[in-house]
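When we follow numbering that gives the first Met the number 0, the leftmost residue of the sequence shown carries the number 0, and every step to the right adds one.
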Amino acid sequence: MVQGRQVYSGALGWAGFSRRMNTTTDGFYPQPVTITGAHVLLEPLGIHHATDLHAAGADPDVWRYLPIPQPANLTDTQIWIYAAVTAGVKGDEVPFAIVHRATRQAIGSTRFIDIRREHRGLEIGWTWLDSRHHRTRAN
């Protein structure tokens, strides 16, 4: 820990989650922060994105290459978000909602995955986008 500072707290929208990381060395700990682009934001994923993401994932083709089936209803979408946030709390992944800046609606999701702290590396995966936004500036 860096002087007992909490470096990860319920920033993903889930009250009560907190985690202290051992950062006694010059570690690599990707954090859930908002990343602003010209047309979209990457916001830390939270339950408040569920309704938008359920609508954004209505096209079955969105889920074709993902390792889970398409959520059948809003509850399934909330369960998927909960699992992603839980992986974030464990430090295994950092999940984001892709939010369209003009409409403020969540239109997809992505994650930092396979976080390799010892090599200061990670992968970007679990990425999907509402098919209505394919071939647009949001993509």
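All C-beta atoms, glycine included, are put in the ideal place defined by N, C-alpha and C. Being a predicted model, the structure only gives us computed values, none of them experimental.
Self-check item: Rounded C-alpha distance that separates L128 from E117
Solution: On the sequence shown, residue 128 is found 129 positions in, with the first residue counted as 1. On the sequence shown, residue 117 is found 118 positions in, with the first residue counted as 1. C-alpha separation (whole angstroms): 31 Å.
Quiz item: Got a sec? Which residues, its chain only, sit under 7 Å from P29 by beta carbon, not counting five neighbours each side?
Solution: For the purposes of this step, residue 29 is taken as the residue at position 30 of the sequence shown. Here the set comprises V93, F111, I114, L121.
Exercise. Grab the span of the alpha helix (DSSP H) containing V39 for me, first residue to last.
Key: Working through the sequence shown from its first residue, we reach residue 39 at position 40. Looking at the DSSP string, V39 is not in any alpha helix (DSSP H); the run it does join, the beta strand (DSSP E), is 39–43.
Practice problem: Name the residue from T76, D60, T33, Q69 whose alpha carbon lies nearest to the alpha carbon of D51. | Solution: As a first step, residue 51 is located in the sequence shown; it is residue number 52 there, counting from the start. Taking only the C-alpha atoms, the option nearest D51 is T76.
Exercise. Note down, in chain order, each residue of its chain lying with its Cβ closer than 7 Å to the Cβ of D60, except the 5 sequence neighbours on either side.
Key: Within the sequence shown, residue 60 is the residue found at index 61, counting from 1. Closer than 7 Å at the Cβ level, and outside the excluded window around D60, lie S130.
Practice problem: Verify whether the separation of the beta carbon atoms of R142 and L41 is less than 8 Å. | Solution: The chain is shown only over 0 to 138; residue 142 falls outside these bounds and no answer can be derived.
Quiz item: With a Cβ-Cβ cutoff of 8 Å, do H48 and A86 count as a contact?
Solution: Taking the first residue of the sequence shown as position 1, residue 48 is located at position 49. Taking the first residue of the sequence shown as position 1, residue 86 is located at position 87. Contact: no.
Quiz item: Taking all protein chains shown into account, do 16 or more other C-beta atoms lie within 10 angstroms of the C-beta of I80, making it buried, or fewer, making it exposed?
Solution: Position 81 of the sequence shown holds residue 80. I80 is buried by the Cβ-count criterion.
Quiz item: From R136 to T102, what does the alpha carbon distance come to, in whole angstroms?
Solution: Position 137 of the sequence shown, counted from the start, is the residue given in the question as residue 136. Position 103 of the sequence shown, counted from the start, is the residue given in the question as residue 102. Whole-angstrom Cα-Cα distance: 14 Å.
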